[in-house]
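If you want my numbering, it's the 1-based position in the sequence shown plus 123. Okay, structure first, notes after.
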Amino acid sequence: MKTKPGAQINQSILDGISVLQALAGSDMPVGGKDLSEKLNMDSTRVNRLLKTLASIGMTQQTKGRKYIPGPGIHVLSAQSLYASGLLRSAMPTLEQLGKFDLTVAMGVLWFDTVSFIYHAKPGMRATEGIGRIGVRSATTSGIGMVMLANSPREAVIDAYQNKVIEGFPDGLESLLSELEEIKQRGYALFQSHELQAENDKAYYSLAMTIGSPANSAIALQGKIKPVDVDDLVCVLKDARTKIESELGKMPVP
């Protein structure tokens with residue numbers, strides 16, 4: 124979620140990051156017009172930003188004059204994963220969670236979406252879980268919901284005010300009520316309409332934040348019986364402690 128802006132905000136930088144993030148989250152080439160409509164931004168400005176980003180290798184243009192992420196964004200991604208230490212601190216623990224025959228996930232919140240760093244279904248090798256799926260709406264994900272619940276209330280309102288909220292047809296107040304319950308509980312036990320349609324009523328996502336303040340979240344997803352919830356909450360708490368302990372070993376400048 125975004126923080127309270129300071130006095131000197133550079134709108135060009137904000138717009139450039141918005142364009143880059145929207146492009147990076149797409150699974151197919153995107154044209155300037157499509158990005159302009161998606162971001163509600165002037166098309167001339169979007170195209171200028173795309174060309175500027177292309178000049179430093181962050182985007183590149185296809186033969187069809189659409190854009191895809193450039194090599195620079197992969198370099199930035201690799202550098203950020205290395206510098207944060209998040210994935211390498213979590214990988215041993217995420218692998219261990221695979222023994223419960225549930226999908227194991229780790230993700231981060233970006234405004235109203237979740238990006239999954241790791242998402243491995245039962246039987247998958249751990250390496251297959253890295254970067255396997257793309258961006259999802261935060262309100263259709265246990266990870267997204269638990270991260271939203273640990274975000275400032277005003278930031279959530281700002282992100283969803285006067286918008287159609289996926290999974291919450293009754294609107295913002297319904298979402299805020301659900302988030303408050305999650306915050307009080309300390310974890311999300313969430314079943315989105317999307318999951319219910321694709322699977323069955325026994326399919327849940329059990330998610331818990333990592334870090335203080337929360338910088339990511341982990342989840343177990345699958346057929347979770349009510350009788351197993353307390354035990355799995357203990358499993359996630361233990362996993363969180365291990366990951367946070369490994370993160371605490373990272374060198375501090």
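In this text, a Cβ means the ideal position worked out from N, Cα and C, and glycines have one as well. A quick note: this is a predicted structure, and the numbers were derived from the prediction, not measured.
If we count the other Cβ atoms within 10 Å of its Cβ and call it buried at 16 or more, is residue i buried or exposed?
i	result
Gln344	buried
Arg363	buried
Pro192	buried
Arg308	exposed
Ile266	buried
Ser339	buried
Ser212	buried
Val231	buried
Val358	buried
Met214	buried
Ile179	exposed
Ile136	exposed
Gly252	buried
Ile347	buried
In the structure shown, what three-state DSSP assignment does residue i receive?
i	result
Ala325	coil
Arg259	strand
Thr185	coil
Val269	helix
Tyr283	helix
Tyr310	coil
Pro245	coil
Ile136	helix
Ile305	helix
Ile196	helix
Ile179	coil
Ile288	coil
Can you name, in chain order, every residue of its own chain whose Cβ lies under 8 Å from the Cβ of residue i, other than the five neighbours on each side?
i	result
Met164	Asp138, Ser141, Val142, Leu158
Leu224	According to the sequence displayed, residue 224 carries Asp and not Leu. Result list for Asp224: Pro245, Gly345, in chain order.
Gln219	Ala362
Arg188	Gly154
Lys222	none
Ala177	Gln183, Gln184, Tyr190, Gly193
Gln134	none
Identify every residue that forms a DSSP beta bridge with residue i.
i	result
Gln344	Thr226, Ser328
Ile333	Ser339
Thr236	Trp233, Ser260
Val153	Tyr190
Ile366	For Ile366, which the question treats as bridged, DSSP gives no partner whatsoever.
Spatial neighbours of residue i within its chain, please: C-beta separation below 7 Å, excluding the five flanking residues on both sides.
i	result
Arg168	Asp138
Ala337	Met270, Asn273
Ala342	Ala228, Gly265, Ile266, Ser328, Leu329, Ala330
Asp150	Gly257
Gly294	Ile288
What does a CB cutoff of less than 6 Å around residue i pick up in its chain, not counting 5 residues either side in sequence?
i	result
Glu289	Ser260, Thr262, Thr263
Thr226	Lys244, Gln344, Gly345
Ala311	Gly265, Met268, Val269, Ile305, Ala330
With a cut-off of 8 Å, do at least 3 Cβ pairs link the region 186-203 to the region 346-361? Taking 8 Å as the limit for Cβ pairs, the verdict is that the region 346-361 does not touch the region 186-203.
Inter-stretch contact (C-beta, 8 Å, three-pair minimum) for the region 273-289 and the region 245-257: Too few Cβ pairs lie closer than 8 Å, so no.
Quick check: the region 232-239 against the region 202-209, are there 3 or more CB pairs under 8 Å? The answer is no - the region 202-209 does not touch the region 232-239, with fewer than three Cβ pairs under 8 Å.
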